[in-house]
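Read through the structure below, which is laid out as structure tokens, and then see the notes.
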Amino acid sequence: MPFGGLGEIGMNCLAIVQDNDALVVDCGISFDSRGLGVDIICPKFEALGALNVVGVFLTHGHEDHIGALPYFLRSFDVPIWGTAYTVGLVRQRRDEHEVLEYARLHTVVPRDRITVGPFDVEPIRVTHSIADATALAIRTKIGTVIHTGDFKFDETPPDEEYFDEARLSELGDEGVALLMSDSTNVDTLVPVGSEAGVGIALEPIVRATKGAVIVAQFASNVHRLKMLGDIALKTDRNLFLFGRSLQKHARVGRDTGYLKWPSSLVLPNDQASSLDKSRVLAIASGTQAEANAALSRLARDDYPLLKLNELDAVVMSARIIPGNEPEVFNILNQFLRRQIAVHTWLTDRGVHVSGHASRPEQQRMLELVRPRAFIPLHGTLHHLRSHADVAKKAGVPHTTVLENGDMATVYEDNAAITIRRTPRAFAAGKRYFLATHEVPDAVLREREQLAREGLIVMIARIDDDRLLMGPIDINFRGIAVDDLAGDLREAITREATEALKAMPTELCTPGTISDVLRQAARRAASALLGHKPEVLVRLRA
Ligand SMILES: [Zn+2]
Ligand SMILES: [Zn+2]
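All the letters of the sequence shown, read from the start, carry residue numbers 91 to 631 under my numbering.
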């Protein structure tokens, strides 16, 4: 039962159900780019209410896999398993989400076998753009189910935690009933490359820069943090972490042993401006041009801890999430305008690699596991369909493409596995949150409407006979009235006065009068501006 992540990228969450017991795999969020003031989006979990949820297993610590846990735990008090780095990241949230204070978090290591209700779950080491990522082998009544989590085949992982291909191949030999695998990069036809290659691309840039070097990256990429630490040591620079999320990830990286940094390497941010610039290597958050993040502020020259000039360099070691391109390029423009060198994947190919398997790597996963049935995960419908085709070509007898709210039932019949899809089996959906508060759908619709059309505020005084006293006070917000403002006020007043006159006295109540004024304003605005703004009416006696 997928609750998120199928038919979209982000918000990964699905349940594996046997009889009435449900094991939840991952519990992620996605982000809203509509500019409506929503911080996060998380799945609706109502359909789980009818089942006995036995626990949550996390594949790795990316937001799109763990971010919804605090919201999930409000309704389901169940134990959670994950690797040390993953659980460390969940624990970091305790100051933001009280519910995590009481969460039953369990740390697992790859190849451990954990009993969760009727399931037996074994995490298997995979490589990805975050440390301590795993696939899961889940033993069920119909055989072994493998969920890959997010992965790529990185032959030289910076943390030297190698992909456990041997274990996947062993499980393949034993027989795997169902494989569910990461579809994100199905359109990429060459291997995406190692994280170590990014270090190799970054070092000469750091060496060649006379002044400070700012590297913008996703805070969660601890491999890159580690490599930048190594580069800083080799080039006699100190490391600065510009951004709360970076500091959080670095803390978890140190606590779990991934970042073995000498204590003198990272300096407090307020020392950045006093240090010689040739000794500054700063890692900045805000790769997607988030307005308050360090990178945007450095671009605007509005970052009090460091001012950049033409001897300095900025490196974008991240991809742009589709939709954010104009804002990100705008930031790069701001640096370029000030003669600051900008290195991106466009100028220096190697400064970023994806964390997700390309098509040849997806094929390699299918060859290792040799499943009897296949469900593609982690992608839009296009990615999922293409990945299903890859599996069919690889000889997998049964493939099914699901979207959130669909359900697949896997049967064992005379030792043969079959799979059946039930479209729209349950109500999947999204919930929107601003920090920890939920924003109802109706409020979002209102915000969308206000953003599109603007607002007219009318304040009118009425006497005991419900007659208009004096002029109506009319204000505009977010409406391009310019020199039409006077005309529009006049037109609204005229429409309103006529409409009130035409109304039988016995029908006049504050409610009907407000309604008539609202309709009058919308008619007048529509005639003059060509659209109908929202109207707020206040009546005073
Ligand atoms: Zn993911
Ligand atoms: Zn991931």
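Glycine included, each C-beta is placed from N, C-alpha and C at the ideal position. Predicted model, so just to flag it, every value in this text is computed and none were measured.
For G333, the three-state DSSP class (helix, strand or coil)
DSSP, reduced to helix, strand and coil, places G333 outside both helices and strands of the structure shown, so it counts as coil.
What whole-angstrom Cβ distance do M317 and G289 have, given they're in contact under 8 Å?
Indeed they touch by this definition, with Cβ atoms about 4 Å apart.
So for G374, helix, strand or coil by DSSP?
It is worth fixing the name first, because residue 374 is Ala in this sequence and not Gly. It is a strand residue.
Can you list, in chain order, the residues of its chain with a C-beta nearer than 6 Å to that of G157? Leave out the 5 residues immediately preceding and following it.
Hits under 6 Å: G118 and I119.
CA-to-CA distance, A611 to D555, given in whole angstroms
Roughly 22 Å between the two C-alpha positions.
Alpha carbon to alpha carbon, how far is L574 from E585? Give it in angstroms, no decimals.
E585 and L574 have their C-alpha atoms some 16 Å from each other.
Using CA coordinates, which residue listed in L557, E451 and L471 is at the minimum distance from V280?
Ranking the options by Cα distance to V280, first place goes to E451.
Pull up the DSSP beta-bridge partners for Q108, would you.
DSSP lists D111 as partners of Q108.
In three-state terms, what does DSSP make of K520?
In this structure, K520 counts as strand in the three-state DSSP scheme.
At what residues does the alpha helix (DSSP H) containing T583 begin and finish?
A575 to K591 is the extent of the alpha helix (DSSP H) around T583.
Bridge partners - D503, DSSP secondary structure assignment
Paired residues: A506.
In chain order, what are the residue ranges of uninterrupted alpha helix (DSSP H) at least 4 long that sit wholly in the region 376-430?
Counting only runs of 4 or more, we get 384-389 and 415-427.
What does the shell around ligand 1 hold, if a residue joins when its beta-carbon is under 6 Å from any heavy atom?
Cβ atoms closer than 6 Å to ligand 1 belong to N102, H152, D154, H155, D240 and H468.
Mind checking whether M593 and I603 have CB atoms under 9 Å apart?
With contacts defined as CB atoms closer than 9 Å, M593 and I603 qualify as a contacting pair.
Compute the distance between the beta-carbons of I569 and I546, then report whether it is under 9 Å.
Yes, the pair counts as a contact, with Cβ atoms nearer than the cut-off.
Please determine, among D129, S123, V128 and H152, the residue with the shortest C-alpha to C-alpha distance to C103.
Measuring C-alpha to C-alpha distances from C103 to each of D129, S123, V128 and H152 identifies H152 as the nearest.
Who does V288 pair with in a DSSP beta bridge?
Answer is none; V288 lacks a bridge partner.
Please list, in chain order, all residues of the same chain as Q539 whose beta carbon is under 8 Å from its beta carbon, the five residues on each side excluded.
Closer than 8 Å at the Cβ level, and outside the excluded window around Q539, lie E624.
Whether or not the region 291-303 and the region 319-334 are in contact is what I'm after, with contact meaning three or more pairs of Cβ atoms, one per stretch, closer than 8 Å; do they touch?
Contact holds: three or more Cβ-Cβ distances are below 8 Å.
Measure the CB-CB distance between D263 and R215 and report whether it falls below 9 Å.
Cβ distance not < 9 Å, so D263 and R215 don't count as in contact.
Out of S375, S363 and E260, point me to the one whose CA is closest to A340's CA.
With distances taken between Cα atoms, A340 lies closest to S375.
List the endpoints of the continuous beta strand (DSSP E) containing D272.
D272 -> beta strand (DSSP E) spans V266 to D272.
D210 - partner residues in DSSP beta bridges
DSSP output for D210 lists T205 and R229 as bridge partner(s).
For F241, does the three-state DSSP call read helix, strand or coil?
F241: coil per DSSP, three-state reduction.
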